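Inspection log for the structure reproduced underneath, given as structure tokens.
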Amino acid sequence: MNTSNQSAVIVGASLCGLMTAIALARTGIKVTVLERSGPNARTGAVLQVNSGEADFSDTAKLLRKLASGGLRSPEAWNSIWSRLQAQISADTNIELHFNIRVQSIAQDDTSAWVLTNKGERFAGDLVIGADGYRSTVRMAVSPDKPNATFAGYVIWVALLNEQDIPEKYRPSANAGVSMPNGIGDFLLGSVIDGETGSREPGQRRLGWAWYDNTRNKLFRELGCINGNLVQHSLNGADIPAKTLKELTNQAAVRWPQPWLAATQYSIRSRKLTGLPISEYIPDQLVKGRIALAGDAAHTVTPITAMGFNASLQDAAMLAESINKETDIIQALLNYESSRLKHVRKMVESGQSFSSSFGR
27 MNTSNQSAVI VGASLCGLMT AIALARTGIK VTVLERSGPN ARTGAVLQVN
77 SGEADFSDTA KLLRKLASGG LRSPEAWNSI WSRLQAQISA DTNIELHFNI
127 RVQSIAQDDT SAWVLTNKGE RFAGDLVIGA DGYRSTVRMA VSPDKPNATF
177 AGYVIWVALL NEQDIPEKYR PSANAGVSMP NGIGDFLLGS VIDGETGSRE
227 PGQRRLGWAW YDNTRNKLFR ELGCINGNLV QHSLNGADIP AKTLKELTNQ
277 AAVRWPQPWL AATQYSIRSR KLTGLPISEY IPDQLVKGRI ALAGDAAHTV
327 TPITAMGFNA SLQDAAMLAE SINKETDIIQ ALLNYESSRL KHVRKMVESG
377 QSFSSSFGR
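Note that the sequence shown covers residues 27 to 385 in my numbering.
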């Protein structure tokens with residue numbers, strides 16, 4: 027397709043939204059990205075971009091290189107986001123707008139568009155929803171199945187500087203990822219580079235994720251979960267003091283060092299977030315000129331460690347399908363045909379864990 031006169035609107039500027047924008051812009055498409063939050067990258071999550079996945083296209087290989095910066099070790103989510111955002115800023119084919127909340131999506135025979143809470147209208151030849159597990163765009167694609175559902179457990183996540191814990195408890199120089207078991211729960215801990223990229227002991231960061239299936243009632247009482255739908259996460263400032271004390275006491279009998287010191291520091295300083303986990307198995311990824319990608323398309327539990335890679339492959343396949351096909355609608359159908367079966371199996375693989383661990 028001659029894409030030089032084509033345009034796309036992407037809803038969501040998380041990792042998937044940014045990668046999709048980069049991939050589409052490389053084909054010559056003019057891309058507008060709309061993000062509901064501000065420009066400050068979120069913190070807390072740790073993931074690994076380069077973990078041995080096979081990339082079968084030049085686009086996927088490029089996206090992985092840009093996202094990873096060539097690193098093969100786990101990183102903070104915000105480090106990856108900042109790297110991609112810098113690429114976006116340097117690309118004249120991409121406009122990125124923050125603090126814009128999309129309220130509705132529509133299409134006709136020649137275009138698709140979104141309307142925002144500010145009364146603005148953004149239109150293009152296609153609209154892509156990369157707006158996460160609570161996707162607004164999903165309603166336009168799959169109105170009979172618009173919502174991801176609660177998986178039955180939450181994850182407490184935090185990221186802290188190594189200097190925040192006593193030196194005697196700090197991890198060894200070659201420490202990486204560990205997974206200590208608790209009492210009916212477990213923790214994933216990662217030692218990653220410091221904010222300056224240093225791997226020197228004392229200059230690194232510790233990221234941890236505590237899988238917890240005992241506090242669903244609390245999250246419902248606080249409005250984070252309504253029925254089987256996740257509404258929002260629980261920020262550190264809003265965690266009840268009683269819950270913080272319980273977490274502190276539980277950590278003391280569950281986690282070895284350095285994760286005992288790390289969890290207790292995060293709890294004491296309220297620098298942690300409670301994330302109710304959602305899952306979504308799609309029946310379709312496109313409808314006309316509107317498509318879904320990333321968590322908006324397929325929400326998978328983090329235990330699979332597959333979410334980022336699936337988002338990257340979505341972004342690459344969208345761009346390649348559009349570049350190869352003369353008709354936008356057919357291109358999106360080709361994208362769906364390439365991805366739907368795979369991502370359904372991916373989410374289902376995580377649900378086998380959720381059905382045993384969730385409550």
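Glycine is no exception: its CB is placed at the ideal position from the N, C-alpha and C atoms. Predicted, not measured: the structure shown is a model, and the values here were computed from it.
Query	Result
Presumed contact (8 angstroms Cβ cut-off) between L359 and V326, rounded CB distance	23 angstroms between Cβ atoms; not a contact.
Integer-rounded CB distance, given that G210 should sit under 8 angstroms from W281	Their Cβ separation, rounded to whole angstroms, is 14 angstroms, which puts W281 and G210 out of contact at 8 angstroms.
Cβ-based burial, V59 [other Cβ within 10 Å; buried from 16]	buried
Buried/exposed call for M372, threshold 16 Cβ in 10 Å	buried
Endpoints, alpha helix (DSSP H) assigned at Y361	354-383
Coil, strand or helix - E61 by DSSP	coil
Cβ-based burial, S124 [other Cβ within 10 Å; buried from 16]	Looking at the sequence shown, residue 124 is not Ser but Phe. Classification of F124: exposed, given that the 10 Å Cβ count is below 16.
Residues bridged to P302 [DSSP beta-bridge criterion]	V180
Beta-bridge pairing of E101 - partner residues as DSSP gives them	L73
The region 217-234 touching the region 91-108, judged by at least three CB pairs closer than 8 angstroms	yes
Proximity of G333 and A177 at Cβ, strictly below 8 angstroms	no
Reduced DSSP category for D190 - H, G, I as helix; E, B as strand; rest coil	helix
Cβ-based neighbour list, Q290, same chain, cut-off 8 angstroms, excluding 5 preceding and 5 following	T274, A277, A278
Closest Cα partner of E226 within the set N200, Y237, Q113	N200
Contact check, A51 vs D151, beta carbons under 8 angstroms	no
Span of the beta strand (DSSP E) around E121	120-123
Length-filtered (4 minimum) alpha helix (DSSP H) runs lying within the region 130-162	none
Which of helix, strand or coil DSSP assigns to F82	coil
Buried or exposed (CB count within 10 angstroms, at least 16 for buried), M45	buried
Cβ-based burial, D157 [other Cβ within 10 Å; buried from 16]	buried
Three-way DSSP call (helix, strand, coil) for I348 in this model	helix
W285 and G202 closer than 8 angstroms at C-beta	no
Within 8 angstroms, strictly: CB atoms of V72 and A93	no
Ranges of the beta strand (DSSP E) found wholly within the region 237-268, counting only runs of at least 3	none
Assigned exposure category for R294 - 16 Cβ within 10 Å defines buried	exposed
Residues of its chain near I191, where Cβ-Cβ distance is below 8 angstroms and the 5 sequence neighbours each way are ignored	L232, P284, A287, A288, Y291
Nearest-angstrom Cβ-Cβ length linking R164 and G155, presumed shorter than 8 angstroms	6 angstroms
Length of the line joining the Cα atoms of I265 and G43	30 angstroms
Closest residue to G38 among Y237, S161, M205, V167 (Cα-Cα distance)	S161
Check whether G300 and S259 have beta carbons under 8 angstroms apart	yes
Residue range of the alpha helix (DSSP H) that includes L213	It is not in any alpha helix (DSSP H) - L213 instead sits in the beta strand (DSSP E) that spans 212-218.
Sheet register partners of V167 (DSSP bridge)	Answer is none; V167 lacks a bridge partner.
Environment of E374 [buried if 16+ CB atoms lie within 10 Å]	exposed
Beta-carbon proximity list for E247, same chain, < 6 angstroms, skipping 5 on both sides	none
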